[in-house]
Structures are given as C-alpha cells and as structure tokens.
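Enquirer: Structure incoming, see below.
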Amino acid sequence: MSKRSVRPLGQLKHINTSNDKIPKFPALSSIQNNNGLLNKDYELHGNAMSVPPPKEPEEPKQKSVVKSAKSDSGSSTKSLDLVDRKELNEAKAREKELREKVASLEKLIEELRAQLREKDQLIVELQEKLADTEKHFKKLYEVELQSHAETKTNLRTSQDEAAKLTMQLEHAMQENSEKLKQLQEESDRKLAEMTAVKDKEIADKEQKLNRLKQQMADALKGNSWERQQQLEELTKELRRIQDEADSLRHKLKAYKSKSSCANCAENAAKMDKAVAVVKDKDIQIKEMNQLLAKFEKQLSQQDHLLKTWAESKGHKVTTFPK
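The sequence shown begins at 2 in the working numbering and counts up one residue at a time.
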C-alpha cells in the first residue's frame, strides 16, 4: 500500500449526523477498490482522523444590568455558574464520548488493516496461484497444439497412403480381370482343341472297330487256321484298342478335373458327352471280347472235329498252328 500524505483535520466526507451513537461504517467490500485497497474517502491515519471538534462552551450572553435590589444580583450570578458548570459537564461528557468513539474507531481501523493485510496476502497467493495455473495451462495448450499438429500431419499422411493403396488396388483388380479373361479364353481354346482331338480319336477308334468287325466277319468265311490267326490278331488289336480307350478315358478324366470351372457349363457338357462316348466304346469292346471268346470256342470245336475226321480217314494230323 503506497504511503499517502496525512490529510489535515477537518470534516469527513462521510458525516455522522447522530451525536449519540457510533457511526455506522459501510461494508468492507463496498469501500474497497478493484485492488482490494480502501478508497481515498475512507482512509484513516492514526490520531489524525477528522472528527468534529468538541463544542466550546457558549459564552453567556451579557444581560443588561438593571440596577435593582441586591438579591437579584446574587441569584443571577448563581444561575450563570450553574449554566457554566452544566455546559462544562456536557463538554466533558461529549469529550469522553468522542474519545470512546475514537478508540472504537482506532480499534476498528486496526481490525480493518489486519483484514486488509490478510486480503493482500490472499491476493498475492491467488496471483501466484493464478500465474502457476496460467503457466500450467499454457504448457498444456502448447502440448495440445503440438499434438494437434502431429495428428493433422499423420492424418494427411494416412489419407495420401489410403489414396495410393486405392489406386494400386484398382490397378491390380484391372490387371487380374484382364488376366482372368485371357486365361478363360485360353482355357476355352485348349478345351476346344482337345475336344476336337478326342472326337477325332474316337472317330478313328470307331473306324478301326468297324474294320475289325468286317475282318472278323470275313475271317469266319475262311479256313480254321486262317480264322484262328485272324482271331489272334483281332484279339491283340482289341487289347490295344482297349488300352488306348483306357488311356483316353484317363486323359479325359484328368483334363476334366483340371479344367473344371463353375463358369464352364458348356465345356463340362462336352466333356460329359466325350466320356459317354468312351463308355459306349468300352461296352462295344466288351461285346467284341465276348464275341471273340465265342468264336474261339467255336474254332476249337471245329478243330477238334476236323482232327477226328482226319484220323478216321487215316490221315496224319499235326497240331494246328496257333
């Protein structure tokens, strides 16, 4: 609190209109300024407080002296003494009352000064605490600002990476789509080629079977030895054809397992058709084998009859070539 010059004695701006009671002071909060100090109008400095001076005893008005009797002069003097004594007593009582008021005011001032010191100390502590809090939150703000900048940078980097990955994914999907289309076309082409080859092989096998049937029919018209020879050749040819048919069936099955695709229904139907043709050929081969076995049995019976007839005629019969 800055030191101020002592104001000379005089009337206070806040005048007490009552002489009998201690004047009421306003609340501390209403006489303090923004800094927590007393306003100038309420500052008091020790015994230099401005209080109204005690009333001076009024001088008795001079009364006109009337020459009268001696008894009147004595009573007038006594009356004046009583008035002076009364006024003196009142002045003393007034002075005592004022001194008590001054003491009370000094005590109140000390209490107010103590409260002001406490308020000043509290203000200093609050200012220090406010400075620490401001420093703390300023540091937190700087950290948060830095974190926000880092988050913004990371977000921008993540967005760039996401855009780059999206472009790569779209490019990869386009390449895979083109490759899948090429593979599908290549698979269809190979399937068509293999189907054509297998159809040709099946046609060749059918032609050979027909030729073998014709040869077997022609063989039945010749002699037994020639028929036996032809039957053996036919049997070998049938076995070879059967082996080829088995090989063809295995190839078809392997190709079917490799080229099976959910989108190749037409190719699967073609493969099933080829397999059905092979199965038909297997049935025909089995029938041919049964027919050959029957022919062999008939030839054996004919050979036995011929041998018996030749022996009955006295001809020497050797073993028929096989």
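All C-beta atoms, glycine included, are put in the ideal place defined by N, C-alpha and C. Note that the structure is predicted; figures quoted are calculated from it, not measured.
In whole angstroms, what separates the C-alpha of residue 99 from that of residue 88?
Expert: Residue 99 and residue 88: Cα-Cα distance of roughly 16 Å.
Enquirer: Roughly how far, in whole angstroms, is the beta-carbon of residue 250 from the beta-carbon of residue 278, given that I think they are within contact range, below 8 Å?
Expert: Contact doesn't hold; Cβ gap of about 10 Å is too wide.
Enquirer: Taking C-beta to C-beta, are residue 246 and residue 283 nearer than 8 Å?
Expert: Yes, the Cβ-Cβ distance between residue 246 and residue 283 is below 8 Å.
Enquirer: Please report the straight-line C-alpha distance between residue 198 and residue 312, rounded to a whole angstrom.
Expert: C-alpha separation (whole angstroms): 56 Å.
Enquirer: Taking the alpha-carbon positions, what's the residue 143 to residue 168 distance?
Expert: Roughly 38 Å separates the two Cα atoms.
Enquirer: Compute the Euclidean distance between the alpha carbons of residue 124 and residue 105, then round it to the nearest angstrom.
Expert: Each residue's alpha carbon lies about 28 Å from the other.
Enquirer: At the level of alpha carbons, what is the spacing between residue 307 and residue 287?
Expert: Cα to Cα, residue 307 sits roughly 30 Å from residue 287.
Enquirer: For residue 136, count neighbouring Cβ atoms within 10 angstroms of its own Cβ and tell me buried if that reaches 16, exposed if not.
Expert: So residue 136 counts as exposed.
Enquirer: I'd like to check one pair, residue 242 with residue 206: are the Cβ atoms closer than 8 Å?
Expert: It is a contact, given that the beta carbons lie within the stated cut-off.
Enquirer: Exposed or buried, what is residue 235 when buried is set at 16 or more other beta-carbons lying within 10 Å of its beta-carbon?
Expert: It counts as buried.
Enquirer: Just to confirm, is the Cβ distance from residue 293 to residue 210 under 8 Å?
Expert: Not a contact, by the Cβ cut-off of 8 Å.
Enquirer: Could you check the C-alpha separation between residue 129 and residue 162 for me, to the nearest Å?
Expert: Taking the straight line joining both Cα atoms gives about 49 Å.
Enquirer: Assign residue 174 to one of two classes, buried (16 or more other C-beta atoms within 10 Å of its C-beta) or exposed (fewer than that).
Expert: By the 10 Å Cβ count, residue 174 comes out exposed.
Enquirer: Alpha carbon to alpha carbon, how far is residue 155 from residue 132? Give it in angstroms, no decimals.
Expert: Between residue 132 and residue 155, the C-alpha separation is close to 34 Å.
Enquirer: Do you know how far the Cα of residue 94 is from the Cα of residue 110?
Expert: Cα to Cα, the separation comes out at about 24 Å.
Enquirer: Would you kindly work out how many angstroms separate the C-alpha atoms of residue 112 and residue 103, rounded to a whole number?
Expert: Straight-line Cα distance between these residues: approximately 14 Å.
Enquirer: With burial defined as no fewer than 16 other Cβ atoms inside 10 Å of the residue's Cβ, what is the status of residue 138: buried or exposed?
Expert: It is exposed - the Cβ of residue 138 has fewer than 16 other Cβ atoms within 10 Å.
Enquirer: Hey, out of 115, 274 and 164, whose CA is closest to residue 196's CA?
Expert: Nearest of 115, 274 and 164 to residue 196, Cα basis: 274.
Enquirer: Keeping to the same chain, check which residues put their C-beta closer than 6 Å to that of residue 90; ignore five residues upstream and five downstream.
Expert: Taken in chain order, the list of residues that qualify is empty.
Enquirer: Classify residue 192: buried if its beta carbon has 16 or more other beta carbons within 10 angstroms, exposed otherwise.
Expert: Per the 10 Å Cβ criterion, buried.
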